[in-house]
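Residue numbers (the numbering used here): 28 to 443.
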């Protein structure tokens, strides 16, 4: 629901606009948040941070790596620490014990790809030595949500879980069982166009890189069950945005309409932030509320965060970034994406998660993109032929055949 606000004077709109990149930026820095699901190599049950009767936890492995690699352990206030890496970046825990590597900002796709491979290999080898495998799937394919445990603590997460539990199980599944790749990109010379391109690409990124066709030991009727979970958990705080000349007003309306779980009694009847604002919620309350929203594309101040991609084996993780980066920075491709592809909608996201590239419309659009993205990347990267060839090989094996990575279960790190 849209909420009538004075967009010219609203204090809240100022807070929203601060989150959108403004003005051309010569930088094209990129970063990545790469998640994986730790499970026992033999039983495939989820592995918590702490040691237990079923075997060692992941935290001890990380602490030993920290000593070897010069990482610094840092408290989080959520019951589990994070690790600040010597080369930049952070390793942290998601609520269900999923591991997340948040990279430093990098100047090139090759540098980010090399960093991802390096950290993934270190993590995978150290975990495997303790009988722990890192799964590269968008959703735990073996264990049901009832077999997963919340390993983080703190009021924010308790409130989030209580809010989602009122709606059903998808929210808990998202928190405890999903893993994705978040793509962080500077916006280049046209921030508004970058925002519009990122949203337009979201359904295609879901479909092209879908990698969660199983759950609780069974096939599910979704190519990306992770995407289906996001569609179901709380529609008020997930969104995709149609192209516009000024994205801030629509984002403000979205934020005002989203239910706030950080205010009031935990688990109490939900209210939109607009309702809370009417009875005294502050600007600081709104700033915190903004951090609880999960649109497909999140404005992050100096850059945009794209959240549409399932977790992938690290050898493919750079490829969705390469597609998005080319569309951001190759002016003809950026123009054609906005001119030729349909505006993004929740229905398109739903179809992308359910049918993937088997959807006739999405399959044809993905082919259109696959026929253009490598050439755009090649034009932007005169010395990047190896990456272009990797992208072409992936698109030929999967996208052009209307298949996705979910057809091939692979470990987080492979030798190929």
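Even glycine gets a Cβ: it sits at the ideal position worked out from N, Cα and C.
From the options, residue whose alpha carbon lies closest to that of residue i
i: residue 89; options: 103, 126, 72, 121; result: 126
i: residue 390; options: 72, 431, 365, 366; result: 431
i: residue 111; options: 104, 100, 239, 121; result: 100
i: residue 115; options: 108, 130, 109; result: 130
i: residue 271; options: 225, 162, 75; result: 225
i: residue 61; options: 362, 347, 425, 359; result: 347
i: residue 241; options: 381, 387, 260, 429; result: 381
i: residue 329; options: 221, 236, 246, 388; result: 221
i: residue 200; options: 175, 189, 223, 216; result: 175
i: residue 98; options: 117, 80, 105; result: 117
i: residue 450; options: 318, 187, 317, 314; result: Since the displayed the chain opens at 28 and closes at 443, residue 450 lies outside it and no answer follows.
i: residue 411; options: 137, 74, 79; result: 137
i: residue 464; options: 216, 324, 203; result: Nothing about residue 464 can be reported from this structure: the residues present for the chain run from 28 to 443 only.
Proximity below 9 Å, CB of residue i to CB of residue j
i: residue 232; j: residue 336; result: yes
i: residue 85; j: residue 124; result: yes
i: residue 147; j: residue 439; result: yes
i: residue 205; j: residue 239; result: yes
i: residue 132; j: residue 58; result: yes
i: residue 149; j: residue 267; result: no
i: residue 422; j: residue 409; result: no
i: residue 320; j: residue 210; result: no
i: residue 301; j: residue 283; result: yes
i: residue 399; j: residue 363; result: yes
i: residue 218; j: residue 47; result: yes
i: residue 140; j: residue 353; result: no
i: residue 143; j: residue 128; result: yes
i: residue 228; j: residue 113; result: no
i: residue 305; j: residue 163; result: no
i: residue 44; j: residue 275; result: yes
i: residue 52; j: residue 273; result: no
i: residue 256; j: residue 236; result: no
i: residue 153; j: residue 92; result: yes
i: residue 393; j: residue 269; result: no
i: residue 466; j: residue 262; result: Nothing can be reported for residue 466: it is not among the residues displayed for the chain, which extend from 28 to 443.
i: residue 338; j: residue 165; result: yes
i: residue 223; j: residue 365; result: yes
i: residue 425; j: residue 39; result: no
i: residue 73; j: residue 145; result: no
i: residue 82; j: residue 158; result: yes
Neighbourhood of residue i by C-beta distance below 6 Å, restricted to the same chain and skipping five residues each side
i: residue 243; result: 171
i: residue 258; result: 377
i: residue 71; result: 169
i: residue 160; result: 66, 68
i: residue 35; result: Any answer about residue 35 is weak, because its pLDDT of 34 lies below 50 and its placement is not dependable; what the coordinates show is given next. So the list is empty, once near-sequence residues are dropped.
i: residue 103; result: 109
i: residue 315; result: 289
i: residue 32; result: In this prediction, residue 32 has a pLDDT of 45, which is less than 50 and means its spatial position is unreliable; what the coordinates show is noted afterwards. If we look at residue 32 and ignore the five residues flanking it on each side, it has no Cβ neighbours.
i: residue 326; result: 46, 47
i: residue 37; result: none
Residue i - containing beta strand (DSSP E), residue span
i: residue 126; result: 126-129
i: residue 316; result: Careful: residue 316 lies outside any beta strand (DSSP E), inside the alpha helix (DSSP H) at 310-317.
i: residue 111; result: 109-111
i: residue 211; result: 207-213
i: residue 333; result: 330-337
i: residue 278; result: That residue, residue 278, is in no beta strand (DSSP E); its alpha helix (DSSP H) goes 275-284.
i: residue 240; result: Counting along the chain, residue 240 falls outside any beta strand (DSSP E), and DSSP gives it neither H nor E.
i: residue 118; result: 117-120
i: residue 324; result: 324-326
Limits of the unbroken alpha helix (DSSP H) element including residue i
i: residue 59; result: Run containing residue 59: none in the alpha helix (DSSP H); it sits in the beta strand (DSSP E), 57-67.
i: residue 228; result: 218-235
i: residue 187; result: 182-194
i: residue 394; result: 387-397
i: residue 94; result: 85-96
Residue i CB to nearest heavy atom of the ligand SAM below 8 Å
i: residue 217; result: The ligand SAM is absent from the structure shown, which contains no ligands of any kind.
Same chain, Cβ closer than 7 Å to residue i, neighbours up to 5 away in sequence not counted
i: residue 357; result: 403, 406, 407
i: residue 134; result: 56
i: residue 76; result: 84, 85, 86, 107, 120, 124, 178
i: residue 54; result: 213
i: residue 441; result: 340, 342
i: residue 260; result: 191, 194, 197, 198, 201
Contacts around residue i, its chain only, beta-carbon distance under 8 Å, and the 5 residues preceding and following it disregarded
i: residue 298; result: 286, 287, 290, 291
i: residue 385; result: 250, 429
i: residue 42; result: 310, 313, 314, 317
i: residue 436; result: 164, 168
i: residue 414; result: 136, 137, 140, 345, 349, 404, 408
Would you be able to state if there are at least three C-beta pairs under 8 Å between the segment 252-259 and the segment 172-186?
no
Check whether the segment 185-204 and the segment 364-374 touch, using three or more Cβ-Cβ pairs below 8 Å as the test.
no
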